[in-house]
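Okay, structure first, notes after.
Residue numbers (this note's numbering): 7 to 427.
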């Protein structure tokens, strides 16, 4: 199968990797290339194709390896893999790279529900340290003065705004947003269906019909064309014996002929897949199953004047220590200016989720924003009152409004709505 490599993708990777192996006088080359974009657009697969074409050996780290019950293990793993890759360059005399897939999933912070651990801090700090000193990467508890070969680092992710801001600055990480255009998609999909004798016009029609779908949609669509043969095989063997026939049989695994199909069948199966996607998006079962979690309000429940005064006298120490979010000062409905209120309405009208983050003056320069708890927001007035509560609670800090696309889990807007003093 002849897979397609997008020219823009090939150019970006080839230049970045080659540049890191050259001695350019007076030039500081970023060690890390961050490839980000929508889910399922083939970022990792395109990287594999480029590495294969350039004859590059890859050391892989998954985003799932960036957390551990033991503090410090993921940071040590990154250093160990980096040193191993540097040794490969020395021993084999060829280009090698270190690749971290889904970095934002392992080291990013999406909202107040994402736990920020010691390992998350150490992973970010380790990558920054390696980017600053790529020839001097030491393992904890040991020291080797011998300079290492410089190893380019390729990282992939969906939303790099969730990463620690100093890590993604231009001197350390070069960013590349990958969103294949129509020509790229036609080429990639043509490679997926290269053995199926579809004409270029049919490929274009397939891409134009599902224009909003990612690249992996078409790969999943091709796998569906074998379903009928597999279904007939199961009925022929019997459901009770299919396990033994496939896994533990002297005849070997069954062989299936390439199925014959046309464009109309592909379109029909594609519409079924789109329908299943729609059902997942519309189900919203998490809201129903966690009704108690999402129905919790940030505002203090209304009580009589007598009960309020009694609660204040008896429970004031507990409220100050444990229920700060529920004891925020009463905020005037006019505390948000009209411009901010209009922003909130626009965000909700576009189907985005509201997020609020705060940071003090000292951490503002480092970009260490923290999330405010916003709970479940129902309507414009609820969102406005929630933002007002956060402004009142963090009156002496920077506060910014965040719009989050719930489908792609990406931030689409950030706006500072309060500054100290």
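Backbone N, C-alpha and C define an ideal beta-carbon position, used for all residues, glycine too.
Check	Outcome
Span separating the alpha-carbon of residue 325 from that of residue 397	Because residue 325 carries a pLDDT of 41, less than 50, the predicted location of this residue cannot be relied on, and the following value inherits that uncertainty. Taking the straight line from one Cα to the other gives about 19 angstroms.
Segments assigned alpha helix (DSSP H), at least 4 residues, entirely inside the stretch 341 to 404	344 to 355, 367 to 370 and 386 to 399
For residue 241, three-class secondary structure by DSSP	helix
As assigned by DSSP and simplified to three states, the class of residue 20	helix
Short Cβ contact (8 angstroms threshold) for residue 176 with residue 36	yes
Nearest-angstrom Cα separation, counted from residue 172 out to residue 86	23 angstroms
Neighbourhood of residue 371 by C-beta distance below 8 angstroms, restricted to the same chain and skipping five residues each side	none
Residue 416 versus 394, 110, 404 and 194, residue with shortest Cα-Cα distance	110
Enclosing beta strand (DSSP E) for residue 65 [first to last residue]	63 to 68
Contact between the stretch 68 to 82 and the stretch 16 to 31 (3+ Cβ pairs under 8 angstroms)	no
C-beta contact flag for residue 4 and residue 161 at 8 angstroms	Lying outside 7 to 427, the shown extent of the chain, residue 4 is not represented and no answer is given.
First through last residue of the beta strand (DSSP E) which encompasses residue 193	Taken as a continuous stretch (DSSP letters only), residue 193 belongs to no beta strand (DSSP E), being part of the alpha helix (DSSP H) at 188 to 198.
Proximity below 8 angstroms, CB of residue 359 to CB of residue 410	yes
Bounding residues of the alpha helix (DSSP H) (the contiguous stretch that carries residue 182)	Run containing residue 182: none in the alpha helix (DSSP H); it sits in the beta strand (DSSP E), 179 to 183.
Under 8 angstroms between C-beta atoms of residue 138 and residue 144	no
Contact set for residue 174: own chain, Cβ-Cβ below 6 angstroms, skip 5 residues either direction	166
Helix, strand or coil at residue 124 according to DSSP, with G and I counted as helix	helix
Neighbourhood of residue 367 by C-beta distance below 7 angstroms, restricted to the same chain and skipping five residues each side	426
C-beta atoms of residue 275 and residue 230 nearer than 8 angstroms	yes
Spatial distance of residue 224 from residue 23 (CA atoms)	30 angstroms
Reduced DSSP category for residue 309 - H, G, I as helix; E, B as strand; rest coil	With a pLDDT of 45 at residue 309, under the threshold of 50, the modelled position of that residue is not reliable, and the figure given next carries that caveat. Three-state result, residue 309: coil.
Rounded straight-line distance, which links the Cα of residue 82 to that of residue 148	12 angstroms
Given 8 angstroms, three or more beta-carbon pairs between the stretch 256 to 263 and the stretch 188 to 200	no
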